[in-house]
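Going left to right, the sequence shown walks through residues 1 to 301 as the working numbering numbers them.
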Amino acid sequence: MKYAAIATWKMSYEGMKICADMLERGENGADAAIAAVSNVEDDPNFHSVGYGGRPDCRGRVFLDGGFMDGNTLHFGSVGSIEGFRSPVRIARSLAKGDANNFLAGQGAEQYARENGFEERDNLIPEMTELYEKEKDRLKALSAYDGHDTVCFCTKDCTDSLYAAVSTSGLFMKKPGRLGDSPVPGAGFYADSKTGCAAATGMGEEIMKGALSFTAVYLMKTGLSAQDAAEKALTDLQNELIERNGYAQAMSLVCLDKEGNYGVSTNVPFTFTYASEKDSPALYEAVNTGGRTMITKIKGEL
Ligand code: GLY
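Take a look at the structure:
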């Protein structure tokens, strides 16, 4: 395939259209992934990413973002940043050089400010109301109270692969908590020689299996994108159940270097996909005994 892109959740649909248009015009897959993720970061209707994201246990919105260039293997990440419009754009700017690629907290905010990244208060009144209603609950709520991380994996017409992700993380998370999303190998991974992958769900589970790297590694050993996605998630789930008695929600999307996609999940999951052969469409995935059953929902919402 000349180009292809896959992304997590229904919230990626408008971004997927932007991404597919850019890839169709021959634009760079990194630019396409970033434009698509930014589209979700800017939309207050999606309460797990960017503007309108869910608050932490203090009622403040802290964001994580990650980006990986599959040609150079350079990655950039920011964790737990407050007051900036686009964590994924900041993350991308860090994907160069041999050091200081992953910045968190005040250091990441200082970097973003010094480098002119747009500032924005991402807390909206609806999320303040939600916080006030839920704040006395003892336990953090699930990552799946609504949606979770937006992830885009792209392959462009130069056969370059990229992964880009953004999230506000777990609702009611503790100060400083980082999930899988900004962690290379866990929340995202890209290698243009093999494939790219990105994860959504309960970050603490996904990190236990370095889920995105594992899927790409399995492709390297010769598995198809779909078989790699299923094996990576099923193996991790089985290990977690054997050791802890349960496995929390996880979903994974990936592309091989030809642009074929793979998807796996242990909860009902929606994703979007486009290539020069397939116009942007929304799909639903469910796990049936370790295999993923995929249904196309709509080509135009
Ligand atoms: N997967 C997003 C998080 O756990 O923060």
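Glycine residues also receive a C-beta, built at the ideal position from the N, C-alpha and C atoms.
Asked	Found
Have a look at Glu-284, Gly-289, Ala-274 and Met-293 and flag the residue whose alpha-carbon is nearest the alpha-carbon of Glu-24.	Ala-274
Can you grab the Cα-Cα spacing for the pair Glu-284 / Met-11, in whole Å?	13 Å
Using the C-alpha atoms, what's the distance from Gly-262 back to Val-253?	6 Å
Where does Ala-210 fall in DSSP's three states?	coil
Once DSSP output is grouped into helix, strand and coil, what is the label at Gly-65?	strand
Please report the Cβ distance between Gly-259 and Tyr-3, rounded to the nearest whole angstrom; I am assuming they are in contact, meaning their Cβ atoms lie under 8 Å.	7 Å
Which residues have their C-beta within less than 6 Å of a heavy atom of ligand 1, listed in chain order?	Ala-143, Asp-148, Thr-149, Thr-167, Gly-169, Leu-170, Gly-179, Asp-180, Ser-181, Thr-200, Gly-201, Met-202 and Gly-203
Buried or exposed: Arg-113, going by 16 or more other Cβ atoms within 10 Å of its Cβ?	exposed
Look at the alpha carbon of Glu-27 and the alpha carbon of Ala-163, and state the distance between them as a whole number of angstroms.	15 Å
Could you check what DSSP says for Ile-297 in three-state terms: helix, strand or coil?	strand
Going by beta carbon distance, what residues of the same chain come within less than 7 Å of Ser-38, once the five residues before and after it are set aside?	Ser-86, Val-88 and Arg-89
Should Arg-58 be labelled buried (16 or more other beta-carbon atoms within 10 Å of its own) or exposed?	exposed
Measure the C-alpha to C-alpha separation of Leu-240 and Tyr-246 and round it to an integer number of angstroms.	6 Å
DSSP on Leu-130, reduced to helix/strand/coil?	helix
Just the Cα atoms here: how many angstroms apart are Ser-166 and Ser-48?	9 Å
Taking Gly-70 as the reference, which of Arg-291, Pro-125, Gly-185 and Thr-295 has the closest Cα?	Gly-185
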